[in-house]
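One structure below.
2 protein chains.
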Amino acid sequence: MNVLTEQDIKHISVGAAVLGTGGGGDPYIGNLMALAAIRKYGPVRVVTVDELDDNARVLPASGMGSPSVLVEKIPSFEQLSAPLKAYEQATETKTDVIMPIEIGGVNSLIPVAVAAMNGLPILDGDAMGRAFPEAQMVTFHLDGLKPGVAAIGDEQGNAVTIRPVDGFWAEKLARQVTIAMGGSSIVCDYGISGKQAKQSVIPGTLSLARKIGALLTTQVTTDIHPITQMLDILEGVKLFKGKATLIERRIEGGFTKGEATFEGMDEFNSQTCKLFFQNEHLLAEVDGHPVAITPDLIAVLDEETGMPITTEGLKYGARAVIVAFPANEKWRTEIGIQTAGPKYFKYDYEYIPLETLAKERIKR
Amino acid sequence: MNVLTEQDIKHISVGAAVLGTGGGGDPYIGNLMALAAIRKYGPVRVVTVDELDDNARVLPASGMGSPSVLVEKIPSFEQLSAPLKAYEQATETKTDVIMPIEIGGVNSLIPVAVAAMNGLPILDGDAMGRAFPEAQMVTFHLDGLKPGVAAIGDEQGNAVTIRPVDGFWAEKLARQVTIAMGGSSIVCDYGISGKQAKQSVIPGTLSLARKIGALLTTQVTTDIHPITQMLDILEGVKLFKGKATLIERRIEGGFTKGEATFEGMDEFNSQTCKLFFQNEHLLAEVDGHPVAITPDLIAVLDEETGMPITTEGLKYGARAVIVAFPANEKWRTEIGIQTAGPKYFKYDYEYIPLETLAKERIKR
């Protein structure tokens, strides 16, 4: 995967929707944006974290806000590049490599489009190893790196540059600006050196997304179901299989928040699963017991096609397989759980690793 | 008034509270900030609009947000200067002259403090000729000038730079940033040339504030009451004399909004006056009839001392003289009324000049 093919982009959009745990927006939109950019501006080279020069300037680019809004107002090429330019002007630097801040549907491919437009390579890695709803929920923050300058743009042509005192202020200010911009924006922040990237980036996640996407979209000839193969790769757990019977979704404070209820099918017959989300799925309960808790990853897959369903795309009556994967070890530390664990999102649980919850569930 | 004395500053704070029509925060706070800055950093020279070089770079500095919040968290010297520095960095310019964006209690003296700290002169003029609650309510906007870069800072040390597409977006984005910053901020925006200042600035308003302040605070020996003298200077009207019997005040969307009711005294006995405000007084009604309508100026003065009372400082039982003055002719145009007239603030009146309303009232 030295240069991204159109096929790669399609696969990344699907795999990133799995790793994006329901958030990050419609993968189809990310797919369209990245393909359009590559067709217009030329191919994007992929560099691994190992290949980075220590002094290389690495800059994440991402969409911020409610995915419900983002899909309604797809960013223009101009909007996509404005924050990069504003960032470079404010910091008086030139960027060498673009990276995804998270592996989520749109946000894994917005940086690919930005890279294509500016003739820059894309980094094979991100700062979450999944998607999270808030800007400070990045491995950079866990490692004590400051967001530095954050540059934000909208489709009107407004550009805002923030020099926050820390990651929480970056989130607070950027979120309010995003709300004022109508609910979605494009952001460049947490510009880092190659050396810092080697310390803090979760490597290989773009490749991983591609691999998962390839698995789920390619007609396979083996007897092993693609979802089962994926669970093997990600050391994941099948949490539930059922039909969506109630979906409550609201746009609140610049997020898409809500709950989804599933009635069990097959081996889960007569059980009920509830998913709680804030852009991303953050908590899964079966019959009132937690079965997967943030920062571990929860994904909803179409039962028939195996394709991931976003929190936006989930509809009444959808038949789904719900799976979960362990979060990267960086998230399972004290500061990781403090930053993105259940208490932060006001869920009244202690964090318990997915594997432990699975064992407890077997005992019940 | 070539160099501002401590006495001048005191007088400006009082006079600007009159011209500030109840908004702009506690004049005492503005007084304290400007005095502290001058004592620490040295005197501030005053330049008139006529004296400006056409190429001079003139930059307004002001406080944004709810005055109720501003008085609770007085800006530090560092906070006061951060937006100027952020503005200069973002625009790659050096500022020659600081100016008040409005003549309101705190906002007429915050720029004096900023000027003192940076060894710059202050312009004798502003962009409202009074105080208004929103950022696009400036003569610059009426003359088609764009806000350009807006730089915003808070007491935490956060700095935000906005490049808005127009004045309305500047207001919207800066207001949300100010709310995220806790409800008050310091802003530098609408940087203009000396030539543009000559076209758009309302000249002499700092001197006018000083003159009014001197009048109201100095023990006079003539038989003419200081308030009467002030009404002569400003071609104003005495609207009402009465006692505050009901004050409703709330902080909403970054503003202090509300209504105040007064029961009449002396020649206004058995009449009732209602004032409607959003940071500033915007509408005065007596017995249900409008007697002064924005953009004309409405001020509340302590009946005994003649000192102005802000919308923040107004208390139940206060005995007050309510006066009004005609707005600068720039505000009485079609675009002026569209920008800051009664309809904009959702008051169900057409704008009628103060003088016309006074004649109608005599007929009733």
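Protein sequence lines, in the order shown, are assigned to chains F and B.
By our numbering, the letter at position 11 of the first sequence is numbered 136, and the numbering carries on one by one without gaps.
By our numbering, the letter at position 271 of the second sequence is numbered 396, and the numbering carries on one by one without gaps.
The beta-carbon is built from N, C-alpha and C at its ideal position, and this holds for glycine as well.
{"Query": "Neighbourhood of Gly190 of chain F by C-beta distance below 7 Å, restricted to the same chain and skipping five residues each side", "Result": "Thr303, Gly308, Ser309, Ser310, Gly379"}
{"Query": "Every unbroken beta strand (DSSP E) inside the region 136-173 of chain B [3 residues or more]", "Result": "171-173"}
{"Query": "Supposed close pair Ala449 of chain B, Gly361 of chain B - CB separation, criterion 8 Å", "Result": "6 Å"}
{"Query": "Neighbour-count burial assignment, Asp357 of chain F, 16 or more Cβ in a 10 Å radius", "Result": "exposed"}
{"Query": "Interface residues of chain B facing Val183 of chain F [CB-CB closer than 8 Å]", "Result": "Here the premise fails: no neighbours, minimum Cβ distance about 23 Å."}
{"Query": "Pairwise C-alpha distance: Tyr474 of chain B and Thr481 of chain B", "Result": "14 Å"}
{"Query": "Near-chain F residues of the region 278-295 of chain B - C-beta to any C-beta below 7 Å", "Result": "Gln281, Gly282, Asn283, Ala284, Val285, Thr286, Ile287, Arg288, Pro289, Val290, Trp294"}
{"Query": "Where Val231 of chain F falls, given that 16 or more other Cβ within 10 Å makes a residue buried", "Result": "buried"}
{"Query": "Closer than 8 Å at the beta carbon, the chain F residues around Gln301 of chain B", "Result": "Gln301, Val302, Ile304, Ala305"}
{"Query": "Exposure of Thr130 of chain B, with buried meaning 16 or more beta-carbon neighbours within 10 Å", "Result": "exposed"}
{"Query": "Within chain B, partners of Leu298 of chain F - CB distance below 7 Å", "Result": "Asn283, Val285, Val302, Ala305"}
{"Query": "is_contact[Gln214 of chain B, chain F] using C-beta, thresh 9 Å", "Result": "yes"}
{"Query": "Beta carbon of Lys336 of chain B nearer than 9 Å to that of Val174 of chain B", "Result": "no"}
{"Query": "Inter-stretch contact at 8 Å, needing at least 3 Cβ pairs: the region 271-279 of chain F / the region 221-236 of chain F", "Result": "no"}
{"Query": "Same chain, Cβ closer than 8 Å to Ile447 of chain F, neighbours up to 5 away in sequence not counted", "Result": "Lys363, Leu364, Phe365, Lys366, Gly367, Phe387, Cys398, Leu400, Ala409, Ile423, Ala424, Val425, Leu426"}
{"Query": "Closer than 9 Å to chain C by CB, Ala238 of chain F", "Result": "Absence of chain C from the displayed structure is noted, the protein chains being F and B."}
{"Query": "CB contact flag (Ala186 of chain B, Val139 of chain B, <9 Å)", "Result": "no"}
{"Query": "Minimum C-alpha distance to Thr370 of chain F - residue among F:Thr381, F:Asn404, F:Ala385", "Result": "F:Ala385"}
{"Query": "Helix, strand or coil at Ile287 of chain F [DSSP, three-state]", "Result": "strand"}
{"Query": "Status (buried if at least 16 other CB within 10 Å, exposed otherwise) for Tyr315 of chain B", "Result": "buried"}
{"Query": "Below-9 Å beta-carbon distance, Ala483 of chain F vs any chain B residue", "Result": "no"}
{"Query": "Stretch pair the region 255-268 of chain B + the region 294-303 of chain B: three plus CB contacts closer than 8 Å", "Result": "yes"}
{"Query": "Within-9 Å CB hit, Ala241 of chain F to chain B", "Result": "no"}
{"Query": "Contact with chain F by Ala238 of chain B, beta-carbon distance below 9 Å", "Result": "no"}
{"Query": "Where the alpha helix (DSSP H) through Lys323 of chain B begins and ends", "Result": "319-325"}
{"Query": "Minimum C-alpha distance to Gly282 of chain F - residue among F:Met306, F:Met242, F:Arg374", "Result": "F:Met306"}
{"Query": "Contact under 9 Å by Cβ, Gly150 of chain B with Gly188 of chain B", "Result": "yes"}
{"Query": "Simplified DSSP state of Thr419 of chain B, which is helix, strand or coil", "Result": "coil"}
{"Query": "Assigned secondary structure, Ala275 of chain B (DSSP; H/G/I helix, E/B strand, else coil)", "Result": "strand"}
{"Query": "Closest by C-alpha distance to Asp133 of chain F, when choosing among F:Gln354, F:Gly148, F:Val171", "Result": "F:Val171"}
{"Query": "Ile223 of chain F to Ile462 of chain B span [Cα, whole Å]", "Result": "48 Å"}
{"Query": "Cα-Cα separation between Tyr441 of chain B and Gly145 of chain B, rounded to whole angstroms", "Result": "21 Å"}
{"Query": "Proximity test, Cβ basis, 9 Å: Ala211 of chain F and chain B", "Result": "yes"}
{"Query": "Segment limits, beta strand (DSSP E) that includes Asp490 of chain B", "Result": "Summary: the structure shown does not reach residue 490 of chain B, with chain B confined to residues 126 through 489, and so no result is reported for it."}
{"Query": "Cβ-Cβ separation, Glu227 of chain B to Arg255 of chain B (assumed contact under 8 Å), whole Å", "Result": "7 Å"}
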